[in-house]
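Note that our numbering has the sequence shown beginning at 1184, numbered continuously upward.
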Amino acid sequence: MPLVHINLRQGKSTSYIRSICEAVQQALVECLDVPVRDKFQIVHEHSAEHLIYNPHYLDIDRSDDIAIIQVTLSKGRSTAQKQAFYARLATLLQEKPGMRPQDIMIGLVENTREDWSFGFGEAQYLTLPREQWK
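Okay, structure coming up:
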């Protein structure tokens, strides 16, 4: 189960934001074997004063159109899968909404299945059959 946080500068259109959300979900499904229905995303829009980043870190020239995307997900993906995810998401975001690849920062945070509760105060990944997760 991924929980996605998308951090952007304030002022982007709804369609721009939706394009980012759709691209993230598509890349998760295609590259990290996330079930299609497993979609939990939070979009955070920040003022210039509250979205702080180094515009030249690692010699990458970033603009104010930066998107900082953090995905918390269960452990188990290989390095190759993660690299494929980064590349696929960058490609999708270049296509729509037209982002520059320099402005796409992605961080994956891994945890374990017992770290998730989807409701009722229960850890469903520990009690429900795997088929039900789909």
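Built from N, CA and C at the ideal position, the CB exists for glycine as well.
Since we're looking at a predicted model, the values are computed, not measured.
Checklist entry - Under 9 Å, do Val1187 and Ile1225 count as touching if we go by C-beta distance? => result Position 4 of the sequence shown, counted from the first residue, corresponds to residue 1187. Position 42 of the sequence shown, counted from the first residue, corresponds to residue 1225. Going by C-beta atoms, Val1187 is nearer than 9 Å to Ile1225.
Item to check | DSSP-derived helix/strand/coil call for His1233 | outcome: Looking up residue 1233 in the sequence shown gives position 50. Looking at His1233 - three-state DSSP - the assignment turns out to be helix.
Next on the checklist: Closest to Ala1210 by C-alpha separation, out of Glu1297, Phe1303, Gln1277, would be which residue?
Outcome noted: Here residue 1210 is taken as the residue at index 27 of the sequence shown, counted from 1. Taking only the C-alpha atoms, the option nearest Ala1210 is Gln1277.
Next on the checklist: Using 9 Å as the threshold, is the C-beta distance between Gln1253 and Asp1216 below it?
Outcome noted: By 1-based counting over the sequence shown, the position of residue 1253 is 70. By 1-based counting over the sequence shown, the position of residue 1216 is 33. Against a cut-off of 9 Å, the Cβ pair of Asp1216 and Gln1253 comes out as no contact.
Item to check | Same chain, Cβ closer than 7 Å to Leu1275, neighbours up to 5 away in sequence not counted | outcome: Position 92 of the sequence shown, counted from the first residue, corresponds to residue 1275. Excluding sequence neighbours, Leu1275 sits near Ala1206, Gln1209, Ala1210.
Checklist entry - Can you tell me the Cα-Cα spacing of Gln1307 and Asp1244, whole angstroms? => result Your numbering for residue 1307 matches position 124 in the sequence shown. Your numbering for residue 1244 matches position 61 in the sequence shown. If I take the Cα positions, the gap works out to 43 Å.
Checklist entry - Between the stretch 1294-1313 and the stretch 1226-1234, are three or more C-beta pairs nearer than 8 Å? => result no
Item to check | Three-state secondary structure (DSSP) of Arg1260 | outcome: Against the sequence shown, residue 1260 aligns to sequence position 77. Here Arg1260 sits in coil by DSSP.
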